[in-house]
Amino acid sequence: MYIIMAKQQKFKTFIKNGVLFGISVGFIATAIVIFSFGASKIPDFESFDERKVARSTKIYDRTGEIVLFNIHEDIKRTVLPFEEMGVYIKNASVAIEDSEFYNHRGIRPKAILRAVWVNLTSGQLKQGGSTITQQIVKNTLLTREKTIVRKLKEWSLSLKIEQVMTKEEILGIYLNEAPYGGNIYGIQEASNSFFGVDPVDLTLAQASYLAGIPKAPTFFSPYGKNTDKLEARKNTVLKRMFDLEFITQEELESALNEKVEFQPPQQFGIQAPHFVFFVREYLENKYGKDVVEQGGLKVITSLDFDLQQKAEEIVLRHALKNEADWDASNAGLVAIDPKTGQILTMVGSRNYFDEEIDGNFNIAVAERQPGSSFKPFIYATAYNKGYTPDTVLFNLRTEFQLTCDIHGNALPGQDQEECYSPSNFNDVYSGPITTRDALGQSVNVASVKLLYLAGLNDSVKTAKNMGIKTLGDPNTYGLTLALGGGEVSLLDMTSAYSTFATGGIHHDFKSILLVEDSEGNVLEQYRDTSQRALPKNTALLISDVLSDNEARTPLFGANSFMYFGENRDVAGKTGTTNDNRDAWMLGYSPNIAVGVWSGNNDNSPMKKGSSISGRLWREFMDVALAKLPNEQFESPIITYDTPDTKPILRGIWQGNDIVTIDTVSGKLATELTPKETLKELVITNVHSILYWIDKKNPTGDIPTDPFVDKQTERWEELVANWWQANASLNNTIDESDIPTEFDDVHTIENQPIASIVGIDESRIYNQNEQITLSLDYSGAFPLQKIDVFVNNTYVGSDSTLPYNYTFNLSDINNITSATQIKIVGFDSIFNNVSNTSVVQVNI
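Using our numbering, you'd call the opening residue of the sequence shown number 3 and step up by one each time.
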């Protein structure tokens with residue numbers, strides 16, 4: 003039964019395909035007849051040589067007033083006679099663009115049938131099967147619209163052109179019209195611009211490069227980020243030439259091995275070049291290079307031109323200094339508005355036109371290792387799971403690979419290269435450290451431990467949710483991810499840090515505000531695309547840690563480039579790869595995120611330094627912040643500083659059993675013991691964090707067998723060794739040190755009594771009246787201080803005799819017609835008593 007049904011299905015498919023094929027053939031034949039013998043006018047082909055691009059695409063800054071680049075301004079195009087073009091470029095172009103050029107009559111029926119078949123079966127106009135003849139028709143005689151009528155005209159005109167022009171004339175037009183990127187059109191200008199020679203003098207390898215560019219001039223630009231793709235396309239051209247017997251085996255091998263050098267790019271009226279070509283590539287990918295080249299688009303970008311100019315000047319100056327001081331010849335900078343994702347600046351090198359440092363290469367979108375600047379994503383993942391900024395880890399030199407011993411030596415039969423024992427930047431291993439201090443001081447060992455606890459997969463997921471697009475399989479990185487083992491781009495990193503600035507909302511980065519066609523029709527308009535990538539409080543905790551000057555002071559000093567004073571909230575994180583090949587600085591305020599990279603494009607190492615990118619970043623931040631309102635980070639909600647939280651998670655590493663005493667009586671606390679006199683005594687029992695928590699559920703119960711986790715034994719041994727050497731330096735407490743009696747000072751009998759003096763509840767007060775308050779107090783212990791609250795808002799205190807507090811009602815912001823006044827009195831052992839009165843105020 004199954005075989006019969008399968009045969010029936012195959013027969014139906016065969017019939018369906020046959021019908022579609024017949025329709026396709028009939029459609030093409032009818033179309034060719036109609037248009038071949040119709041009234042389609044053949045243009046004057048002699049006018050090709052005088053042709054200029056009619057509609058120029060212009061790219062503007064965010065104001066729409068400053069032209070960053072006019073794609074066809076000062077267009078460079080020199081018409082060259084066919085016989086002066088050289089055989090290599092002719093054959094290379096035919097090989098890659100239209101291998102049957104000399105055999106067809108303008109169109110390739112098989113290619114058209116294939117294209118029609120795909121278009122009919124897909125329901126979309128996706129393929130066109132273009133010959134070189136069709137390309138010159140499409141690029142010079144017809145509009146850019148993708149319609150069946152335009153395609154039919156293209157086929158018809160291609161057939162007619164082949165009737166009135168020779169193959170040499172057609173190929174000559176193609177080579178004189180071909181786009182090679184920027185304002186370079188035609189093989190003469192391309193040969194001169196890229197290699198400084200005429201086309202007839204091109205080597206086989208040079209010609210193969212040029213033949214491969216016109217398909218996507220921006221993508222295959224020798225000055226862009228896809229030079230590896232251009233190299234592969236050149237090799238494809240050469241292999242096709244060999245297959246077509248245009249070249250010999252010897253010529254093929256020689257050209258494949260030829261070392262070709264491109265001339266430095268020429269400056270041609272362009273501002274913010276790395277950003278412009280970034281935008282242009284986006285436009286070509288979305289609308290096609292023909293529309294961008296000749297469609298007359300008006301493109302308003304997100305670029306802040308004033309900031310861009312400042313950024314370029316700052317990057318150049320600091321990069322030159324870094325080259326002299328640190329052997330770091332290049333730098334890049336990206337700034338993003340975190341609330342919108344709009345790219346405000348993009349500097350891809352110290353100088354786009356500096357050939358010595360490959361300045362045209364856009365380091366802002368290149369993939370490099372981020373070093374410690376990746377750590378905040380790991381800490382955010384951990385905080386999501388219940389770890390806190392106060393959680394304690396032991397900063398001790400640790401061998402994480404279990405096939406190696408505790409000292410980092412491979413066990414018998416194991417590979418030494420598999421051992422992994424990361425070192426700290428300053429080679430200091432100080433024992434217990436909070437994650438707040440570990441992140442602020444960029445402690446590597448603690449960060450690798452936290453990655454192990456938070457989980458590799460979840461940490462990668464966090465980074466991806468926040469905008470890091472380049473990470474692959476987490477298992478390829480292992481624990482090295484904590485120190486920047488994966489490759490990321492400066493643009494993605496700056497975008498991801500923006501997510502911290504917005505309280506966990508990630509706004510996709512955008513470079514375009516508006517695109518209009520030549521008729522003023524809006525093709526595209528900025529639209530925010532955002533999603534929650536982190537819980538709000540997690541993002542606020544990270545910002546709180548990264549802006550904590552006290553936490554980072556031991557490493558960077560109290561007045562480092564990351565400190566902007568008490569009145570300006572800025573968070574920041576450095577990153578340096580272990581081999582000193584990449585130096586990063588990422589930072590943000592609530593209204594701007596800025597990323598900086600410094601290093602060498604050839605990946606050569608720099609001298610060791612923690613602030614190579616820091617001073618550059620700081621100078622630009624000062625410029626940017628001067629233009630922005632002073633906004634503060636929202637404070638995170640702290641829920642973990644209570645006895646309900648495990649001690650190790652809230653900063654207590656000495657043990658897990660805690661007893662609370664009253665510091666006045668020295669006895670066990672009761673419910674009457676005031677918070678000011680509470681003290682926790684920790685019974686000494688020092689262990690690693692894995693002894694107290696299950697890393698999959700850190701806030702859950704203590705593990706019944708902590709050694710189920712394979713790392714526990716290793717971590718425990720290290721902590722035990724450390725404690726043996728350091729116990730004498732710490733206070734230890736055992737059960738015999740714990741009192742057995744309860745607080746007998748803070749009792750009901752000793753609670754004070756008080757009433758407010760100075761308030762007359764029977765009268766109405768004017769708004770500008772002055773009131774003096776005091777307490778009528780009695781108690782076992784003397785009064786020590788009073789606190790005054792108006793409508794539940796603290797307004798002031800008095801801690802000196804006679805404990806009076808005077809204020810004017812007009813100075814209080816939240817006065818109402820029935821205003822509540824409360825006084826809280828504290829005695830000498832922090833017993834407190836409160837009393838409240840309500841006064842009538844004439845509002």
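Cβ atoms here follow ideal geometry from the backbone N, Cα and C, with glycine treated the same way.
Local conformation of residue i per DSSP, three classes
i, result
"Trp655", "coil"
"His276", "helix"
"His106", "coil"
"Lys512", "strand"
"Lys231", "helix"
"Thr464", "helix"
"Ala440", "helix"
"Lys300", "strand"
"Gly874", "The structure shown does not extend to residue 874, since the chain spans only 3 to 845, so no value can be given for it."
"Ala366", "coil"
"Asp308", "helix"
"Gln251", "helix"
"Tyr289", "helix"
"Glu518", "strand"
"Leu240", "helix"
"Ala611", "The sequence shown places Gly at residue 611, rather than the Ala named in the question. Gly611: coil per DSSP, three-state reduction."
"Tyr693", "helix"
Cβ neighbours of residue i in the same chain (closer than 7 Å, five flanking residues each side left out)
i, result
"Phe832", "Pro676, Glu678, Thr679"
"Val797", "Val790, Phe791, Phe809, Ile814"
"Ser819", "Gln842, Val843, Ile845"
"Val445", "Asn397, Asn426, Ile435"
"Gln533", "His508"
"Glu253", "Leu206"
"Asn834", "Pro676, Val826, Gly827, Phe828"
"Glu682", "Ile660, Thr662"
"Ser839", "Ile758, Ile761, Glu763, Ile823"
"Val262", "Ala207, Gln208, Tyr211"
Cβ-based neighbour list, residue i, same chain, cut-off 6 Å, excluding 5 preceding and 5 following
i, result
"Tyr642", "Thr390, Arg652"
"Ile44", "Interpretation of Ile44 is limited by its pLDDT of 49, a score under 50 that renders its predicted location unreliable; no figure is taken from the coordinates."
"Tyr182", "Ala192, Ile215, Pro219"
"Asn72", "Ser58, Lys60"
"Tyr499", "Leu588, Tyr590, Ala595"
"Phe264", "Phe196, Pro224"
Integer Cβ distance of residue i from residue j, believed to fall under 8 Å
i, j, result
"Ile650", "Thr400", "Rounded, the Cβ-Cβ distance is 17 Å, inconsistent with contact."
"Ile594", "Asp339", "7 Å"
"Ile134", "Glu179", "Going by Cβ atoms, the distance from Ile134 to Glu179 rounds to 11 Å, so no, they are not a contact pair."
"Glu763", "Val661", "About 46 Å; that fails the 8 Å criterion."
"Val239", "Ser195", "Contact doesn't hold; Cβ gap of about 19 Å is too wide."
"Tyr807", "Ile823", "Between Ile823 and Tyr807 the Cβ distance is about 10 Å, and since that is not below 8 Å, they are no contact."
"Arg583", "Leu627", "The Cβ separation is near 30 Å, so there is no contact."
"Val314", "Val349", "The sequence shown places Glu at residue 314, not Val. Indeed they touch by this definition, with Cβ atoms about 5 Å apart."
"Ser95", "Ala213", "5 Å"
"Leu2", "Thr749", "One cannot answer for residue 2 here, as it falls past the ends of the chain, which runs 3 to 845."
For residue i, the residue or residues it bridges with in DSSP
i, result
"Trp826", "In the sequence on display, residue 826 carries Val and not Trp. Beta-bridge pairing links Val826 to Asp789, Ser836."
"Ala595", "Ile338, Tyr590"
"Thr576", "Met587"
"Asp711", "None, per the DSSP bridge assignment."
"Cys406", "Ala412"
"Arg620", "The partner list for Arg620 (beta bridge, DSSP) is empty, contrary to what the question assumes."
"Met87", "Looking at the DSSP assignment, Met87 forms no beta bridge with any residue, so it has no partner."
"Asp800", "Ile788"
"Asn141", "Its beta-bridge partners do not exist; DSSP assigns none."
"Asn810", "Gln772"
"Leu395", "Ile435"
Beta-carbon contacts of residue i that lie in its chain and below 8 Å, excluding the five residues immediately before and after
i, result
"Pro434", "Val394, Leu395, Phe396, Asn397, Trp655"
"Lys169", "Phe103, Tyr104"
"Asp746", "Ser667, Lys669"
"Leu630", "Ser591, Asn593, Ile594"
"Val759", "Leu775, Ser776, Leu777, Asp778"
Neighbour flag for residue i against chain B, beta carbons, 8 Å
i, result
"Val840", "Included in the structure is just one protein chain, with no chain B present."
Residue i: CB within 7 Å of a non-hydrogen atom of the ligand MG
i, result
"Glu99", "Only the bare structure without any ligand can be found here, which leaves the ligand MG out of the picture."
message = Whether or not the segment 498 to 516 and the segment 610 to 620 are in contact is what I'm after, with contact meaning three or more pairs of Cβ atoms, one per stretch, closer than 8 Å; do they touch?
response = The segment 610 to 620 is not in contact with the segment 498 to 516.
inquiry  = With three or more C-beta pairs closer than 8 Å as the rule, is the segment 268 to 287 touching the segment 233 to 241?
reply    = Contact fails: fewer than three Cβ-Cβ distances are below 8 Å.
message = Does the segment 350 to 365 come into contact with the segment 545 to 564, if we say contact requires no fewer than three beta-carbon pairs (one atom in each stretch) closer than 8 Å?
response = no
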